[in-house]
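Structure first, commentary second.
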């Protein structure tokens, strides 16, 4: 099986530190142990309610799902995932923000977190890079 890699890069303009890159979009669903998607971002966790919500971008999503983990590529991540409430609607959302100034052509890289690397996926899975362990970031 041939593997296809899709990466995400800064383009056109320099992106200052703290720049909102975009939302991490997908299907919002309750978090389940052993979920097989490689495109999960935890956006909500309330232990008192026993509730955790993920955004799953495997079947629905935008370009931010192609942001790779920094390990083996760079010394540290240059973007972060974070949960926020949309100004107009108050809805909970997951976004991507630069951690430092990025030059055109730089690959956007995030820390997937220990949770992602402690639960390795099948190496033959045809889905490539983006996020499960952003729970450590959010």
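In the numbering used here, the protein residues as written are 1 to 138.
Glycine residues also receive a C-beta, built at the ideal position from the N, C-alpha and C atoms.
Which residues in the same chain have their Cβ closer than 8 Å to the Cβ of residue 123, if we skip the five residues on either side of it in sequence?
-> With a pLDDT of 37 at residue 123, under the threshold of 50, the modelled position of this residue cannot be trusted; read the value that follows with caution. Answer for residue 123: no residue qualifies.
Nearest-angstrom Cβ-Cβ length linking residue 41 and residue 24, presumed shorter than 8 Å | 5 Å
In chain order, what residues of the same chain have a beta carbon less than 6 Å from the beta carbon of residue 69, not counting five sequence neighbours either side?
-> So the list reads 112, once near-sequence residues are dropped.
Can you say whether residue 72 is buried or exposed, counting buried as having 16 or more other CB atoms within 10 angstroms of its CB?
-> exposed
List the DSSP bridge partners of residue 142.
-> The shown model of the chain, from 1 to 138, leaves out residue 142, and the question about it has no answer.
Element boundaries [alpha helix (DSSP H), containing residue 115] | 114-118 is the extent of the alpha helix (DSSP H) around residue 115.
Where residue 91 falls: helix, strand or coil (DSSP) = coil
Bridge partners of residue 52, per DSSP?
-> 45
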